[in-house]
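Chains as they are written, first to last, in the numbering used here: chain D, 1 to 303; chain W, 304 to 609.
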């Protein structure tokens, strides 16, 4: 009876296998948003690495005679300054290109810090369980109960606003999500045969964790980390926007947006373009993250 | 159920207590309150005398116990360094504005998210569904404060339809509420959609259809009622996102609520106020999580046994 039900509900098989090219094409189509995201991220990387060559002007180069020029396509704009100039005559386009360095540096470093803290705690919580798990889970609850922005702002206020301290503040506030994910994955894995086998062979805990458990959870961590980079970039810009981040005149997108806010009644482009840069970068990284998730584990597809 | 609630309540209170401790140490690590309170030309002896008088010379742990004791037994958060009035009074003045903003934002977000989420699930893979996916993706990547500024530029400056800052009249509320709503909208919409998709495949939906219920009745009465459960639970869990959002939105729109007070107090070193807001916000978050937990356990008995 049971098997009969299964037989009838099974989907009919395709009679002919689609050609190899066609299958590749379907796969690419499915992943095209991810590829688009990857391209955006590549563009961002290129901007950061080649800023000195790509930017037509220096990020601090002031030309007071041509201050507050509109973008090139508007009346009064010049091709000299593609996206216009700011209040002291700096080229907005060049500053945005240089700003990608700050955003990427903060985003990547902060997430590396988050992964280091979060994964180690998650491994410990999931593997040892008991009081280790309880106390780590309690810490996670405390961190999640803290309003992020106030904690990060207070941390930066304590440490002083600098690139390094922003990274520390974002790293110290963002790890709980990694702990949660790692812990759940480890709980699933720790009683599986291959781990039991490793344990019965008297492998050290360190070896089991690093050689047997960690490789299995890395894909999930990688996908999560990608999305968290986007979040860290947005958060850095927010801290800079609130005046507790990267300090002017360093070209951080958030700080540029904060400066642009003072001019928003007349010179809208000063706030619009730095924000657009943040938005596009975060969108690209998120698309890449979604694509990676589909590639690594189709079951995790958001639906 | 009773033991479950009591256990979670004790856990929640412990979380709040630890949060208050961390923020206390963090803030008092930051700067010397005597330096904030006294004029810069104060003599060393004056500072020492002032510290002794205010109790700032005691070990930090004693100061914390004194502080938290006053908070718990007298609801006394001390006086604001800047405004020189009781912190709690300052907070109470700001709560209504924040409440007005958050309530409107939740309302707007759900008024759009629920119909759109239902339609996206019912017409899966349609243009509308793809559009909702796009909105969700964009919403995730959108810096909230940038959205706020862009709305100000378009609707306040270019079109001149709405006021750009302040809080006196209803039109003042529209832009901040829409900004904050845009923050909640993508997640809620996806949630309604996935909840509906789960439910639409259930047997009781087929039963309802077999009994001759119309499609609209099936979607609203039979499916959405069940799909709404996760939405209600998530709303409880969303408090921290919502409060974080108010900090940003209120700063952009000069909205006189708690979030803007928090930012200004951090920037000015007014630590009793920051401390009180941190405790207040985390209480909201923890209570929200607790309500969500209790609700989830009430609905799903398996969670209670964990």
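Note that beta-carbon positions come from the ideal geometry of N, C-alpha and C, so glycine has one too.
Beta-carbon contacts of residue i that lie in its chain and below 6 Å, excluding the five residues immediately before and after
i                      : result
residue 303 of chain D : Here the model assigns residue 303 of chain D a pLDDT of 42, short of 50, so the residue's position is not dependable, and the following value carries that caveat. Cβ within range, chain order: n/a, list empty.
residue 63 of chain D  : 89
residue 81 of chain D  : 69, 91
residue 468 of chain W : 556, 557
residue 2 of chain D   : Unreliable positioning characterises residue 2 of chain D in this predicted model, as indicated by a pLDDT of 42, which lies under 50. A coordinate reading is not provided.
residue 284 of chain D : 37, 40, 41
N-terminal and C-terminal residue of the alpha helix (DSSP H) that residue i is part of
i                      : result
residue 377 of chain W : 363-377
residue 387 of chain W : It is not in any alpha helix (DSSP H) - residue 387 of chain W carries neither H nor E in the DSSP assignment.
residue 352 of chain W : 347-357
residue 42 of chain D  : 32-49
residue 182 of chain D : 176-189
residue 143 of chain D : 130-145
residue 528 of chain W : 528-540
residue 496 of chain W : 473-503
residue 193 of chain D : 193-200
residue 274 of chain D : 269-296
residue 344 of chain W : Careful: residue 344 of chain W lies outside any alpha helix (DSSP H) and carries neither H nor E.
residue 226 of chain D : 214-241
residue 577 of chain W : 574-602
residue 86 of chain D  : Where residue 86 of chain D is concerned, there is no enclosing alpha helix (DSSP H), given that its DSSP letter is neither H nor E.
residue 643 of chain W : Within the shown structure, residues of chain W are numbered from 304 to 609, placing residue 643 of chain W beyond reach of any answer.
residue 568 of chain W : 561-571
residue 148 of chain D : 148-159
residue 469 of chain W : Here residue 469 of chain W belongs to no alpha helix (DSSP H), and DSSP marks it neither H nor E.
residue 513 of chain W : 506-513
residue 427 of chain W : Unbroken run through residue 427 of chain W: none, as it is neither H nor E.
residue 253 of chain D : 253-261
residue 449 of chain W : 447-454
Contact set for residue i: own chain, Cβ-Cβ below 8 Å, skip 5 residues either direction
i                      : result
residue 271 of chain D : 257, 260, 261, 263, 264
residue 186 of chain D : 122, 123, 125, 126, 127, 213, 217
residue 575 of chain W : 380, 381, 382, 383, 384, 390
residue 159 of chain D : 165, 168, 169
Whole-number beta carbon distance between residue j and residue i, since they are thought to touch under 8 Å
i                      : j                      : result
residue 37 of chain D  : residue 286 of chain D : 7 Å
residue 147 of chain D : residue 581 of chain W : 7 Å
residue 486 of chain W : residue 241 of chain D : No, residue 486 of chain W and residue 241 of chain D are not in contact; Cβ-Cβ is about 15 Å, not under 8 Å.
residue 544 of chain W : residue 599 of chain W : Their Cβ separation, rounded to whole angstroms, is 18 Å, which puts residue 544 of chain W and residue 599 of chain W out of contact at 8 Å.
residue 534 of chain W : residue 498 of chain W : 7 Å
residue 145 of chain D : residue 322 of chain W : 6 Å
residue 149 of chain D : residue 110 of chain D : Wrong, their Cβ atoms sit about 15 Å apart, outside the cutoff.
residue 233 of chain D : residue 281 of chain D : 6 Å
residue 584 of chain W : residue 540 of chain W : Not confirmed; about 15 Å, so no contact.
residue 291 of chain D : residue 117 of chain D : Not really, about 27 Å apart at Cβ, beyond 8 Å.
residue 236 of chain D : residue 94 of chain D  : That belief does not hold up - the Cβ atoms of residue 236 of chain D and residue 94 of chain D are roughly 20 Å apart, past 8 Å.
Contacts around residue i, its chain only, beta-carbon distance under 7 Å, and the 5 residues preceding and following it disregarded
i                      : result
residue 140 of chain D : 176, 179, 180
residue 305 of chain D : Because chain D spans 1 through 303 in this model, residue 305 of chain D falls outside it and cannot be assessed.
residue 119 of chain D : 178, 182, 221
residue 400 of chain W : 470, 558, 559, 560
residue 388 of chain W : 382
residue 602 of chain W : 532
Residue nearest to residue i in terms of C-alpha spacing, selected from the options
i                      : options                    : result
residue 397 of chain W : W/601, W/590, W/559, W/565 : W/559
residue 412 of chain W : W/529, W/438, W/601        : W/438
residue 393 of chain W : W/359, W/568, W/587, W/316 : W/568
residue 446 of chain W : D/137, D/239, D/112        : D/239
residue 107 of chain D : D/41, D/58, D/19           : D/41
residue 464 of chain W : W/456, W/425, W/541        : W/456
residue 479 of chain W : W/311, W/597, W/451, W/361 : W/451
residue 55 of chain D  : D/101, D/292, D/87, D/295  : D/101
residue 157 of chain D : W/595, W/332, W/388, W/306 : W/332
residue 542 of chain W : W/304, W/484, W/591, W/415 : W/591
residue 417 of chain W : W/483, W/330, W/495, W/345 : W/495
residue 367 of chain W : W/488, W/435, W/327        : W/327
residue 230 of chain D : W/444, W/579, W/516, W/427 : W/444
residue 49 of chain D  : D/206, D/105, D/289, D/35  : D/105
Report task. Report the residues of the segment 138-154 of chain D with a CB closer than 8 Å to any CB of chain W, ordered along the chain. Result -> Taking 8 Å as the Cβ-Cβ cut-off against chain W, the residues of the segment 138-154 of chain D that qualify are 138, 141, 142, 144, 145, 146, 147, 148, 149, 150, 151, 153, 154.
Members of the segment 444-461 of chain W near chain D, C-beta cut-off 7 Å
Taken in chain order, the members of the segment 444-461 of chain W whose beta-carbon sits within less than 7 Å of a beta-carbon on chain D are 444, 445, 446, 448, 449, 452, 453, 455, 456, 460.
Under 8 Å (Cβ pairs) to chain D, residues found in the segment 527-553 of chain W:
Here the close residues are 543, 546, 547, 550, 551.
Positions along the segment 418-442 of chain W whose CB lies within less than 7 Å of some CB in chain D:
The residues in question are 440, 441.
Original post:
Which residues, in chain order, does the segment 234-246 of chain D contribute to contact with chain W at a C-beta distance below 8 Å?
Top reply: Going along the segment 234-246 of chain D in chain order, one finds 234, 237, 238, 241, 242, 243, 244 with a Cβ nearer than 8 Å to chain W.
- Message: Counting only Cβ-Cβ distances shorter than 7 Å, please list the residues of the segment 257-286 of chain D near chain W, keeping chain order.
- Response: Shown in chain order are the members of the segment 257-286 of chain D whose Cβ falls below 7 Å from a Cβ of chain W: 257, 261, 264, 265, 268, 271, 272, 275, 278, 279, 282, 283, 286.
**Q.** Near-chain W residues of the segment 220-235 of chain D (beta-carbon distance less than 7 Å), N- to C-terminal order
**A.** Closer than 7 Å at the C-beta level to chain W, one finds these residues of the segment 220-235 of chain D: 230, 234.
- Proximal residues, the segment 151-185 of chain D versus chain W, C-beta separation under 8 Å: Shown in chain order are the members of the segment 151-185 of chain D whose Cβ falls below 8 Å from a Cβ of chain W: 151, 153, 154, 155, 157, 158.
Between the segment 579-597 of chain W and chain D, which residues of the former have CB atoms less than 8 Å from a CB of the latter, in chain order?
Here the close residues are 580, 581, 584, 585, 588, 589, 592.
Practice item. Taking a Cβ distance cut-off of 9 Å, strictly less, list which residues of the segment 308-337 of chain W are near chain D, in chain order. Key: For the segment 308-337 of chain W, which is checked against every Cβ of chain D, the residues closer than 9 Å are 314, 315, 317, 318, 319, 321, 322, 325, 326, 329, 330, 332, 333, 334.
- If you measure beta-carbon to beta-carbon, which residues of the segment 558-570 of chain W are closer than 8 Å to chain D? Along the segment 558-570 of chain W, going in chain order, the ones with a CB nearer than 8 Å to a CB of chain D are 565, 566, 569, 570.
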